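For the sequence shown, the positions run 496 to 875 when the working numbering is used.
For every residue, glycine included, the Cβ atom is placed at its ideal position computed from N, Cα and C.
Since the structure is predicted, the reported quantities are computational estimates derived from the model, not experimental observations.
Reviewing the structure listed below.
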Amino acid sequence: MIRDPRFDDIRPYYEEEVSAALHRIASSEVFPLMATYLYPNRDIEQVRRHICEMGGRREFQHDTMWRFNAQVIERSISEFSCHGLERLDPKKQYLYVSNHRDIVLDSSLLQYELVNQGFETTEITFGANLMINPLVVDIGKTNKMFRVERPGGSAREFYQRSLHLSEYIRHVIREKGESVWIAQRNGRTKNGIDATDQGIIKMFCMSRSDDKIAALSELHIVPVSVSYEWESCDVLKALELYVSESGPYTKKPGEDLNSVLTGILQPKGRVHIEVCEPISEEELQEWDHRTNNEYHKNVAQLIDHRINSAYRLYANNYIAHDLLYGQSRHRNHYDEQQREAFLAHAAQLREYDTCDQEHLYELFLGIYANPVDTHIKACR
Numbered sequence: 496m497i498r499d500p501r502f503d504d505i506r507p508y509y510e511e512e513v514s515a516a517l518h519r520i521a522s523s524e525v526f527p528l529m530a531t532y533l534y535p536n537r538d539i540e541q542v543r544r545h546i547c548e549m550g551g552r553r554e555f556q557h558d559t560m561w562r563f564n565a566q567v568i569e570r571s572i573s574e575f576s577c578h579g580l581e582r583l584d585p586k587k588q589y590l591y592v593s594n595h596r597d598i599v600l601d602s603s604l605l606q607y608e609l610v611n612q613g614f615e616t617t618e619i620t621f622g623a624n625l626m627i628n629p630l631v632v633d634i635g636k637t638n639k640m641f642r643v644e645r646p647g648g649s650a651r652e653f654y655q656r657s658l659h660l661s662e663y664i665r666h667v668i669r670e671k672g673e674s675v676w677i678a679q680r681n682g683r684t685k686n687g688i689d690a691t692d693q694g695i696i697k698m699f700c701m702s703r704s705d706d707k708i709a710a711l712s713e714l715h716i717v718p719v720s721v722s723y724e725w726e727s728c729d730v731l732k733a734l735e736l737y738v739s740e741s742g743p744y745t746k747k748p749g750e751d752l753n754s755v756l757t758g759i760l761q762p763k764g765r766v767h768i769e770v771c772e773p774i775s776e777e778e779l780q781e782w783d784h785r786t787n788n789e790y791h792k793n794v795a796q797l798i799d800h801r802i803n804s805a806y807r808l809y810a811n812n813y814i815a816h817d818l819l820y821g822q823s824r825h826r827n828h829y830d831e832q833q834r835e836a837f838l839a840h841a842a843q844l845r846e847y848d849t850c851d852q853e854h855l856y857e858l859f860l861g862i863y864a865n866p867v868d869t870h871i872k873a874c875r
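Below, the structure is given as structure tokens:
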């Protein structure tokens, strides 16, 4: 394994560090609860021994994490589908740039399908704010997750963190020979509008400033579009949007963990992942004459076009759009039973009676309705 001590502050565990991490996981207070979820028909002590005796992170991913995703699908997803991996070469490394709706499942379900279709799993960006306790760190770093700091600090500190991340991503793909998953923006999409942060593209290029085309082409960028029939944490997202309108939103202690658990346990209906056509070097060369800023903007727009045109719309999206705009133009995409089910789900908002109910309802509808507009625009 190729190693570089420059990245010890953010990298996943090395293979020889995994065994100790697995023993810590198996001895944690919440292990019985995790074991019951992942291995429902096995004795807890038997599962504990099984975890401790694993041969490394690949077995952990192909066994334990595979089972985690299988249980999520069985318990909270009515239909899971993934399309587009046939566009890729299992022997090549890619930078998967995905829309971001759920903290854990966007990347985790992709890993599940990569394993199913004979691809190697990816390294995964993992927000420093989510490394909330040693158990989460052990599970994350054993699962090939690497630490990404939230924006903040001085301009110089932000630049140094961005350069460090850029260098690590290139190191993983070009030297370690592994793929990487990263969200198209910092934080989850709250309002249903999936848009790539131009700064993410700039960050990718920072580690190869001599050639902006090669900087991206050698990363083999693959846009990924994840669609949920029932949006992950939809009520929580509407509340966050509502509070954010009054000033900066400050998360409460344990809020991220609550969102993780809600996303895992909440019924999601149908979920689809579309692995889009990779960004080609020929496409990147079209903007060779542009300024760096224009180039980053054009690449971000191309990724957005891939993701939004591939986004799978469900009845809920069309119902919300018609309700939000007081119309029935999308009536042929849903029936009355589906409409009533959506309204019953939205009725949860009434619990938050200290909010302006009408405005909170509009924000909630927007989460589902906005993808209709972005999809239609991308498909023109």
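Does the count of Cβ pairs from the region 755-768 and the region 602-613 closer than 8 Å reach three?
They touch, by the three-pair rule.
May I ask which residues mark the beginning and end of the beta strand (DSSP E) holding L580?
For the purposes of this step, residue 580 is identified with residue 85 of the sequence shown, where counting begins at 1. Neither: L580 is in no beta strand (DSSP E) and is coded neither H nor E.
My output table needs one value for M626: the three-state DSSP class, helix, strand or coil.
Position 131 of the sequence shown, counted from the start, is the residue given in the question as residue 626. Reduced to three states, the DSSP call for M626 is coil.
Tell me which same chain residues have a C-beta within less than 8 Å of the C-beta of H825, skipping the five on either side of it?
Against the sequence shown, residue 825 aligns to sequence position 330. Sequence-distant Cβ neighbours of H825 in its own chain, meaning closer than 8 Å and more than five residues away, are Y813, I814, H816, D817, V867.
Alpha carbon to alpha carbon, what distance is there between A873 and G635?
Translated into positions along the sequence shown, residue 635 becomes position 140. Translated into positions along the sequence shown, residue 873 becomes position 378. Cα to Cα, G635 sits roughly 35 Å from A873.
Provide the residue(s) that pair with G764 in DSSP beta bridges, ordered along the chain.
Residue numbering aside, residue 764 sits at position 269 when the sequence shown is read from its first letter. Answer by DSSP bridge pairing, in chain order: I572.
Starting from the Cα of E724, find the closest Cα among A565, V513, A864 and give me that residue.
Numbered from 1 along the sequence shown, position 229 holds the residue referred to as residue 724. Relative to E724, the option among A565, V513, A864 whose CA is nearest is A864.
Decide yes or no for the touch test of the region 748-757 against the region 725-735: beta carbon pairs closer than 8 Å, at least 3 of them.
Pairwise C-beta distances place the region 748-757 in contact with the region 725-735, as three or more of them are shorter than 8 Å.
Between which residues of its own chain and K587 is the CB-CB distance below 7 Å, once the five residues before and five after are set aside?
Counted from its first residue, the sequence shown places residue 587 at position 92. Taking C-beta separations shorter than 7 Å and ignoring five residues to either side along the sequence, the partners of K587 in its chain run H715, following chain order.
Along the chain, where does the beta strand (DSSP E) containing F641 start, and where does it finish?
Working through the sequence shown from its first residue, we reach residue 641 at position 146. Note, F641: beta strand (DSSP E), 640-643.
Given that a residue counts as buried once 16 or more other Cβ atoms are within 10 Å of its Cβ, and exposed if not, what is L528?
In the sequence shown, counting from the first residue as 1, residue 528 sits at position 33. Classification of L528: exposed, given that the 10 Å Cβ count is below 16.
Cβ of G758 within 8 Å of Cβ of L600?
Numbered from 1 along the sequence shown, position 263 holds the residue referred to as residue 758. Numbered from 1 along the sequence shown, position 105 holds the residue referred to as residue 600. Yes; because the gap between Cβ atoms is below 8 Å, this pair is in contact.
Take the Cβ of R894 as the centre, count every other Cβ of all protein chains shown within 10 Å, and call the residue buried at 16 or more, exposed below.
Examination of residue 894 is not possible in this model, given that the chain is present from 496 through 875 alone.
Less than 8 Å between the C-beta atoms of S727 and D597, yes or no?
For the purposes of this step, residue 727 is taken as the residue at position 232 of the sequence shown. For the purposes of this step, residue 597 is taken as the residue at position 102 of the sequence shown. In this structure, S727 lies near D597, with their beta-carbon atoms less than 8 Å apart.
Tell me whether Y809 sits in a helix, a strand or coil according to DSSP, three-state version.
Within the sequence shown, numbered from 1, the residue matching residue 809 stands at position 314. The answer is coil: DSSP assigns Y809 none of H, G, I, E or B.
Buried or exposed, going by whether 16 or more other CB atoms sit within 10 Å of the CB of V525?
Counting from 1 along the sequence shown, the entry for residue 525 is found at position 30. Within a 10 Å sphere around the beta-carbon of V525 sit fewer than 16 other beta-carbons, which makes this residue exposed.
Cβ of V658 within 8 Å of Cβ of S722?
The sequence position of residue 658 within the sequence shown is 163, counting from 1. The sequence position of residue 722 within the sequence shown is 227, counting from 1. In the sequence as displayed, the identity of residue 658 is Leu instead of Val. Contact flag unset, no.
Beta-bridge partners of S676, as assigned by DSSP:
Here residue 676 refers to the residue found at position 181 of the sequence shown. For the record, residue 676 in the displayed sequence is Trp; it is not Ser. Answer is Y591, I619, bridged to W676.
Alpha carbon to alpha carbon, how far is Y532 from R570?
Counting from one through the sequence shown, the residue named residue 532 turns up at place 37. Counting from one through the sequence shown, the residue named residue 570 turns up at place 75. C-alpha separation (whole angstroms): 10 Å.
Do you know how far the Cα of R562 is from the Cα of E618?
As a first step, residue 618 must be located in the sequence shown, where it is residue number 123. As a first step, residue 562 must be located in the sequence shown, where it is residue number 67. Going from the Cα of E618 to the Cα of R562 covers about 19 Å.
Looking only at its chain, what residues have a beta carbon closer than 7 Å to the beta carbon of I877, apart from the 5 residues adjacent to it on each side?
One cannot answer for residue 877 here, as it falls past the ends of the chain, which runs 496 to 875.
Close-in-space but distant-in-sequence residues of the same chain around T684 (CB under 7 Å, 5 per side omitted):
Stepping through the sequence shown from its first residue, residue 684 is reached at position 189. Hits under 7 Å: N594, H595, R596.
Could you compute how far the alpha carbon of P718 sits from the alpha carbon of S704?
What you label residue 718 is simply residue 223 of the sequence shown in a count that begins at 1. What you label residue 704 is simply residue 209 of the sequence shown in a count that begins at 1. Annotation: P718 to S704 spans about 22 Å, alpha carbon to alpha carbon.
So, using beta-carbon positions, are F555 and L517 closer together than 8 Å?
The residue given as residue 555 occupies position 60 in the sequence shown. The residue given as residue 517 occupies position 22 in the sequence shown. Yes, the Cβ-Cβ distance between F555 and L517 is below 8 Å.
Short of 7 Å in beta carbon distance, which residues of its chain neighbour R656, apart from the five on each side in sequence? Order them along the chain.
Reading the sequence shown from its first residue, position 161 is the one you call residue 656. Apart from the 5 residues on each side of it in sequence, R656 sits with its Cβ closer than 7 Å to the Cβ of E644 in its chain, given in chain order.
Span of the alpha helix (DSSP H) around I539:
Numbered from 1 along the sequence shown, position 44 holds the residue referred to as residue 539. For I539, the enclosing alpha helix (DSSP H) starts and ends at 539-547.
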